[in-house]
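Asks: Numbering (the working numbering), first residue to last: 347 to 441. Backbone N, C-alpha and C define an ideal beta-carbon position, used for all residues, glycine too. Handing you this structure, nothing more for now.
Listed below in structure tokens is the structure:
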């Protein structure tokens, strides 16, 4: 069984280019797969007590191939608190 994956893009002020690149890669893969409801990337800004927050991307199990390609690591299913849809199907979180 495939698991969730997480990619830390680091400081939110510097993550813009990486974020755009990953979104573009995802959209191509998503369209090629027929836009499945279980495929998405979610995003959360996490500060963990620091002054600056980090951008963390959470890839659903159906997005694992792309996640592996961009260096995302396996992680537990993320908490929904503060989690927002970046790209893909919003129904994926309910699966």
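Mapping DSSP to helix, strand and coil, what is residue 310?
Replies: The shown model of the chain, from 347 to 441, leaves out residue 310, and the question about it has no answer.
Asks: Determine the extent of the alpha helix (DSSP H) in which residue 362 is found, giving its start and end residues.
Replies: Here residue 362 refers to the residue found at position 16 when the chain shown is read from its first residue. Counting along the chain, the alpha helix (DSSP H) containing residue 362 begins and ends at 362-378.
Asks: In chain order, what residues of the same chain have a beta carbon less than 7 Å from the beta carbon of residue 376, not counting five sequence neighbours either side?
Replies: If you number the chain shown from 1, residue 376 lands on position 30. Only 385, 434 meet the Cβ criterion.
Asks: Could you check what DSSP says for residue 355 in three-state terms: helix, strand or coil?
Replies: Mapped onto the chain shown, residue 355 falls at position 9. It is a strand residue.
Asks: Answer yes or no: do residue 349 and residue 424 have a C-beta to C-beta separation smaller than 7 Å?
Replies: Taking the first residue of the chain shown as position 1, residue 349 is located at position 3. Taking the first residue of the chain shown as position 1, residue 424 is located at position 78. Cβ atoms of residue 349 and residue 424: not closer than 7 Å.
Asks: Can you tell me where the beta strand (DSSP E) with residue 403 in it begins and where it stops?
Replies: The residue you call residue 403 lines up with position 57 of the chain shown. From DSSP, the beta strand (DSSP E) with residue 403 extends over 400-405.
Asks: Bridge partners for residue 392 per DSSP, in chain order?
Replies: Position 46 of the chain shown, counted from the start, is the residue given in the question as residue 392. Paired residue(s): 400.
Asks: Whose C-beta lies closer than 8 Å to the C-beta of residue 378 among residues of the same chain, with five residues either side of it excluded?
Replies: Within the chain shown, numbered from 1, the residue matching residue 378 stands at position 32. Cβ within range, chain order: n/a, list empty.
Asks: Could you give the DSSP three-state label for residue 408: helix, strand or coil?
Replies: In the chain shown, residue 408 corresponds to position 62, counting from 1. The answer is helix: DSSP assigns residue 408 an H, G or I state.
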